[in-house]
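Peer 1:
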Amino acid sequence: MTRIPVSAASAGYEVVIGEGILDLLGEAVRKTVSPQKAMVVCGENVFPLYGERVRESLRASGIESEICVFPAGEKTKSIASFEELLQRAAESGLTRSDCFIALGGGVTGDLTGFAAATYQRGIDYVQVPTTLLAAVDSSVGGKTAVNLKAGKNQVGAFWQPALVWCDAACLQTLPQRELRAGFAEVIKYAVLSDVVLFEDLNRHSVRLPEVIEACVRMKAAIVAEDERDTGIRKLLNLGHTFGHAVEAESEYGLLHGEAVSVGTAMICRAAVKMGMLDRKDAASIICLLEDYGLPVSSPYDAERLWPRLLLDKKFAEGKIELIVPRAIGRCERIPMGREALAEWLQAGLEAEAGE
Ligand code: NAD
Ligand code: GLY
35 MTRIPVSAAS
45 AGYEVVIGEG
55 ILDLLGEAVR
65 KTVSPQKAMV
75 VCGENVFPLY
85 GERVRESLRA
95 SGIESEICVF
105 PAGEKTKSIA
115 SFEELLQRAA
125 ESGLTRSDCF
135 IALGGGVTGD
145 LTGFAAATYQ
155 RGIDYVQVPT
165 TLLAAVDSSV
175 GGKTAVNLKA
185 GKNQVGAFWQ
195 PALVWCDAAC
205 LQTLPQRELR
215 AGFAEVIKYA
225 VLSDVVLFED
235 LNRHSVRLPE
245 VIEACVRMKA
255 AIVAEDERDT
265 GIRKLLNLGH
275 TFGHAVEAES
285 EYGLLHGEAV
295 SVGTAMICRA
305 AVKMGMLDRK
315 DAASIICLLE
325 DYGLPVSSPY
335 DAERLWPRLL
345 LDKKFAEGKI
355 ELIVPRAIGR
365 CERIPMGREA
375 LAEWLQAGLE
385 AEAGE
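Here it is, written out as structure tokens:
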């Protein structure tokens, strides 16, 4: 079992990573939060796999539990689900000394975290990630949100979990497509700052628990420095500016990780054209994404993506920061206005010769 401390400005907690540790969750929750009751939130696919084990583990540690199951998929990250969850919590008599437990992927984690941030002005929650994406990214760092018709993650809060409990054995039941999507975020970390991880991924020589540990250590360090996403944390948006536009335009037909992969490939191509990234490095990054079965080309042209880009909530005073790879393991934040962004978008859509 590996324990990684996260010291965010607002709260500190541990990310615990292991294999076969799900049944120890109840004891860990008792020690960190000591609630009388927990509301376990999960998706319809995850409940039959792990729901009862989690409830049994809580029961064995003297914690009563309620369960709230939502349909699988991005559409669950909505105001309607948020309201339903709060209503269920109130009807179950959940108090401020109780907690929510998010058992599932990023959809469940983001929704549950936001409910925890607002229920009775904020109660504890525990993240139990069961997808690779949630394990390496969304369960850590306290970004919580639901979507509006106007865009992804438009309503949310920074609210850190009290504990992250990651059993890598749970990833064994993950559909291959979801596992591949998680690797888009893993490759993001490697491109941001870990050449060794990049090489290990290339050789397929690293086991999942170690991959998760490497990514969580990076994220913990970033969140410790910049919890509220005003500086260095923006680096974690590598591939996301173009990726979110592609994801929204697909009406969530593309998975988040798949869209991030397309966005990463696009920013690499654009960076080459702008003279900021070596062609060989861009090719290695794009090859690695493809090697993990991820898409690297946008199904949409600039005309379709541009209105989506303009809705990005990271626009401030007419400028947005693009995260641009300068080499494998080193990226830079480049602020740009609309005109420059339109040029980068166009450059990102043009395939390199030989691709
Ligand atoms: P997801 O939560 O939709 O889960 C993917 C699918 O896998 C679902 O159908 C789910 O039911 C199923 N599933 C989950 N665990 C399983 C398991 N162990 N076995 C079998 N099936 C399982 O998708 P995701 O990729 O985990 O998360 C994507 C979401 O995360 C997006 O909404 C994205 O915006 C968000 N996100 C948030 C942050 C953050 O910092 N908060 C970071 C990155 C992404
Ligand atoms: N996934 C981006 C962040 O946590 O900042």
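Letter by letter, the sequence shown follows residues 35 to 389 of this note's numbering. Backbone N, C-alpha and C fix where the C-beta goes; we use that ideal spot for every residue, glycine too. Treat the numbers as computed from the prediction; the structure is a model and nothing was measured.
#1: I'd like to check one pair, residue 169 with residue 133: are the Cβ atoms closer than 8 Å?
#2: Using the beta-carbon count (16 or more within 10 Å), is residue 303 buried or exposed?
#3: Which term fits residue 176, buried or exposed, when burial requires 16 or more other beta carbons within 10 angstroms of its beta carbon?
#4: Return the first residue and the last residue of the alpha helix (DSSP H) that residue 89 is part of.
#5: Less than 7 Å between C-beta atoms, sequence neighbours within five positions excluded: which residues of the same chain meet that for residue 413?
#6: Of the residues 196, 265 and 354, which one's Cα is nearest the Cα of residue 67?
#7: Measuring CB to CB, does residue 293 end up less than 8 Å from residue 185?
#8: Give, in chain order, every unbroken run of the beta strand (DSSP E) that is at least 3 residues long and sits entirely within the segment 361–385.
#9: In whole angstroms, give me the CA-to-CA distance for residue 180 and residue 81.
#10: Give the list of continuous alpha helix (DSSP H) stretches no shorter than 4 residues that lie fully inside the segment 158–232.
#11: Where do the ends of the alpha helix (DSSP H) carrying residue 97 lie?
#12: What does a CB cutoff of less than 6 Å around residue 279 pick up in its chain, not counting 5 residues either side in sequence?
#13: Under DSSP, the beta strand (DSSP E) around residue 46 begins and ends at which residues?
#14: Could you give the DSSP three-state label for residue 115: helix, strand or coil?
#15: DSSP three-state call for residue 319: helix, strand or coil?
#16: Nearest to residue 346 by CA position, among 267, 270 and 188, is which residue?
#17: Can you list, in chain order, the residues of its chain whose CB lies under 8 Å from that of residue 70, leaving out five sequence neighbours each side?
#18: Check whether the segment 203–210 touches the segment 151–165, counting contact only when three or more Cβ pairs, one atom from each stretch, lie closer than 8 Å.
Peer 2: Well, looking at it:
#1: Taking 8 Å as the Cβ cut-off, residue 133 and residue 169 do not qualify as a contacting pair.
#2: Per the 10 Å Cβ criterion, buried.
#3: Buried.
#4: From DSSP, the alpha helix (DSSP H) with residue 89 extends over 86–94.
#5: Because the chain is modelled from 35 through 389, residue 413 falls outside the range shown and cannot be assessed.
#6: When only C-alpha atoms are compared, the closest one is 196.
#7: It is not a contact, given that the beta carbons lie outside the stated cut-off.
#8: Counting only runs of 3 or more, we get 364–370.
#9: Rounded to whole angstroms, the gap between the alpha carbons of residue 180 and residue 81 is 21 Å.
#10: Runs found: 210–227.
#11: For residue 97, no alpha helix (DSSP H) run applies, since DSSP gives it neither H nor E.
#12: Closer than 6 Å at the Cβ level, and outside the excluded window around residue 279, lie 339, 342 and 343.
#13: In the DSSP assignment, residue 46 falls within the unbroken beta strand (DSSP E) covering 46–52.
#14: Three-state result, residue 115: helix.
#15: Three-state DSSP puts residue 319 in a helix.
#16: Ranking 267, 270 and 188 by Cα distance to residue 346 puts 188 first.
#17: So the qualifying residues of the chain are 97, 98, 129, 131 and 132.
#18: Yes, they touch.
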